[in-house]
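Q: Residue numbers (UniProt numbering): 1 to 348.
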Amino acid sequence: MNNINIEQYGYTEFYKEQVNTLEVANNELIPARVIEVHREQYKIVTALGEKDAKLKGSIFYNEDPNIVFPSIGDFVLVKNNPIGEDVIYRVLDRKSKFARMDSFNQKEQVVATNFDYVFIVTSLNYDFNLKRVERYLACAWDSGATPIIVLTKADLCEDYESYISEVEGIAFGVPTIAVSSLTGQGFDQLKQYTKSGNTIVLLGSSGVGKSSLVNAIAEDEVMKVNGIREDDSKGRHTTTHRQLIMLKNGTMIIDTPGMRELEMWVLDEGLSATFSDIEQLEVNCKFTNCKHETEPGCAIKAALETGELTIDRWKNFLKLKKEAAFAEKKAKLLAKTSGGKKKRQYAR
Ligand SMILES: Nc1nc2c(ncn2[C@@H]2O[C@H](COP(=O)(O)OP(=O)(O)O)[C@@H](O)[C@H]2O)c(=O)[nH]1
Ligand SMILES: [Mg+2]
Ligand SMILES: [Zn+2]
Numbered sequence: 001m002n003n004i005n006i007e008q009y010g011y012t013e014f015y016k017e018q019v020n021t022l023e024v025a026n027n028e029l030i031p032a033r034v035i036e037v038h039r040e041q042y043k044i045v046t047a048l049g050e051k052d053a054k055l056k057g058s059i060f061y062n063e064d065p066n067i068v069f070p071s072i073g074d075f076v077l078v079k080n081n082p083i084g085e086d087v088i089y090r091v092l093d094r095k096s097k098f099a100r101m102d103s104f105n106q107k108e109q110v111v112a113t114n115f116d117y118v119f120i121v122t123s124l125n126y127d128f129n130l131k132r133v134e135r136y137l138a139c140a141w142d143s144g145a146t147p148i149i150v151l152t153k154a155d156l157c158e159d160y161e162s163y164i165s166e167v168e169g170i171a172f173g174v175p176t177i178a179v180s181s182l183t184g185q186g187f188d189q190l191k192q193y194t195k196s197g198n199t200i201v202l203l204g205s206s207g208v209g210k211s212s213l214v215n216a217i218a219e220d221e222v223m224k225v226n227g228i229r230e231d232d233s234k235g236r237h238t239t240t241h242r243q244l245i246m247l248k249n250g251t252m253i254i255d256t257p258g259m260r261e262l263e264m265w266v267l268d269e270g271l272s273a274t275f276s277d278i279e280q281l282e283v284n285c286k287f288t289n290c291k292h293e294t295e296p297g298c299a300i301k302a303a304l305e306t307g308e309l310t311i312d313r314w315k316n317f318l319k320l321k322k323e324a325a326f327a328e329k330k331a332k333l334l335a336k337t338s339g340g341k342k343k344r345q346y347a348r
């Protein structure tokens, strides 16, 4: 794959200007985009094609606490090595990013960068949850990119117009599009965003149809859909880890497991705020460690009986709480393994 036009990967004036002011335009460094991240190993794409790359040690491991490490989607400056790995010298300023605080290392963990649109994906069946959309929206605005709300599985919903107006009530001016990856409904409305040179990140719970959506945009099976037996998906090239994938039409999708953790973190942050009524009820349980199961004097059970608290809301709370706890456990575990490794490198 020779002589790629790096502009197809979203290398715009925003990045070019930075390179010009750095006065590196005439030296040997060339721009590249990071399309895969594996610990210290990177896969990048430059005008010369896809290459493996590593960091310039004297720049990245020199005790400078402000040094920015490349993440998926980053534009970087590299020195081409015709017989081996390219060497990354610098990360260019980002136009958007998703990051979460890694509480273990007290460091910001960047999950994805330089995307144009955040597709906030929620399905029109049981998963539909306005509060959740609200939190995703806040997160998307923070990122610096433009949110688009995508309501999936329109084929399963008779009255999606009312859902759309509900969403529009909380998301002023944010495009809200109902789609079905099964029937193709709504995809002509998505086309203005899924264009060559654009990078998209998808945010949404598991099962809402993100992979199906990407496949439908790609008109190709680029991602594994949940619930399809292994045998059936043989031969499909499924995405694995921290990738930026280029679809045939030139749209790029950032697909990273980090998004899942980010999402859980967002949910956790919002959990207390969203369910403050439940937290207020809990205060009235007879026992401070009440599990709201069989304990006497349980205020939650009483509220469920009177209908003050609906079963649906209670179940939703329990489900989100469980997801958030799981994500936190996993994030801590991840932080432990990658954190230890990095510290050793700094000591060099
Ligand atoms: N009826 C219907 N089912 C869908 C649609 N999109 C996805 N699904 C189903 O929803 C399930 C989860 O889809 P998947 O794309 O793996 O969701 P993800 O976890 O968000 O990536 C699968 O069983 C899909 O077949 C849709 O537009 N209509
Ligand atoms: Mg998926
Ligand atoms: Zn209780």
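All C-beta atoms in this analysis are idealised placements derived from N, C-alpha and C, irrespective of residue type, glycine included. These numbers were taken from a predicted model, which means no experiment stands behind them.
In the DSSP assignment, find the beta strand (DSSP E) that holds VAL254 and state where it starts and stops.
A: The residue asked about is misnamed: residue 254 is Ile in this sequence, not Val. Taken as a continuous stretch (DSSP letters only), the beta strand (DSSP E) holding ILE254 covers 252-255.
Q: If we ignore side chains and look at the alpha-carbon of each, how far apart do residue 349 and GLU108 end up?
A: The requested residue 349 is not part of the displayed model; the chain covers only 1 to 348.
Q: List in chain order: all unbroken alpha helix (DSSP H) runs of 4+ residues lying wholly within the region 134-209.
A: Segments of the alpha helix (DSSP H) lying fully in the region 134-209: 160-170, 187-190.
Q: Let me know if ASN114 comes out buried or exposed under the rule of 16 or more other beta-carbons within 10 Å of its beta-carbon.
A: The residue in question, ASN114, is buried, as its Cβ has 16 or more Cβ neighbours within 10 Å.
Q: Counting only the same chain and skipping the five closest in sequence on each side, list residues whose C-beta sits under 6 Å from that of ASP142.
A: Cβ neighbours of ASP142 beyond the five flanking positions: none.
Q: Given 8 Å as the limit, tell me if LYS321 has its C-beta closer than that to any heavy atom belonging to ligand 3.
A: Flag unset: Cβ of LYS321 not near ligand 3.
Q: Is the beta carbon of PHE317 within less than 8 Å of some heavy atom of ligand 3?
A: It does not: the Cβ of PHE317 is nowhere closer than 8 Å to a heavy atom of ligand 3.
Q: Check whether the Cβ atoms of VAL45 and ILE35 lie closer than 9 Å to each other.
A: Cβ atoms of VAL45 and ILE35: closer than 9 Å.
Q: Please list, following the chain, all residues that have a C-beta closer than 7 Å to any non-hydrogen atom of ligand 2.
A: Taking each Cβ in turn, the ones that pass are SER206, LYS210, SER211, MET223, LYS224, VAL225, ASN226.
Q: For a test of your reading of the model: does the CB of GLY297 fall under 8 Å from any non-hydrogen atom of ligand 1? Yes or no.
A: Not under cutoff, so the answer is no.
Q: Using 8 Å as the cut-off, classify the Cβ of THR256 as near or not near the heavy atoms of ligand 1, replying yes or no.
A: THR256 Cβ: outside cutoff for every heavy atom of ligand 1.
Q: Does GLY73 pass the burial test, meaning 16 or more other C-beta atoms within 10 Å, or should it be called exposed?
A: GLY73 should be labelled buried.
Q: Cβ atoms of ILE148 and VAL133: under 9 Å apart, would you say?
A: It is not a contact, given that the beta carbons lie outside the stated cut-off.
Q: If contact is defined by three or more beta carbon pairs under 8 Å, each pair taking one atom from either stretch, is the region 91-100 in contact with the region 153-173?
A: Not touching, per the Cβ criterion.
Q: Put ARG100 into one of helix, strand or coil per three-state DSSP.
A: ARG100 falls in the strand class under three-state DSSP.
Q: Is the closest heavy atom of ligand 1 to the C-beta of THR194 under 8 Å?
A: For ligand 1, not one heavy atom lies less than 8 Å from the Cβ of THR194.
Q: With burial defined as no fewer than 16 other Cβ atoms inside 10 Å of the residue's Cβ, what is the status of ALA178: buried or exposed?
A: Burial call: buried.
Q: Leaving out five residues on either side along the sequence, give the residues of the same chain with a beta carbon under 8 Å from the beta carbon of GLU85.
A: Excluding sequence neighbours, GLU85 sits near LYS51, ASP52, ALA53, LYS54.
Q: Using 10 angstroms around the beta-carbon of VAL76, count the other beta-carbons present and answer buried if the total reaches 16, otherwise exposed.
A: VAL76 comes out buried.
Q: Who are the near neighbours of ASN62 in its chain, counting only those whose CB is closer than 8 Å to its CB and skipping five residues on each side?
A: Same-chain partners within the cutoff: there are none.
Q: Using 8 Å as the cut-off, classify the Cβ of LEU213 as near or not near the heavy atoms of ligand 1, replying yes or no.
A: Answer for LEU213: yes, Cβ within range of ligand 1.
Q: Report yes or no: do three or more beta-carbon pairs, one from the region 115-123 and one from the region 195-209, lie closer than 8 Å?
A: Result yes; three or more Cβ-Cβ pairs closer than 8 Å.
Q: With DSSP run on the structure shown, which of helix, strand or coil describes ASP52?
A: In this structure, ASP52 counts as strand in the three-state DSSP scheme.
Q: In angstroms, rounded to a whole number, what distance separates the CA positions of GLU168 and LYS43?
A: Their backbone Cα atoms lie some 40 Å apart in a straight line.
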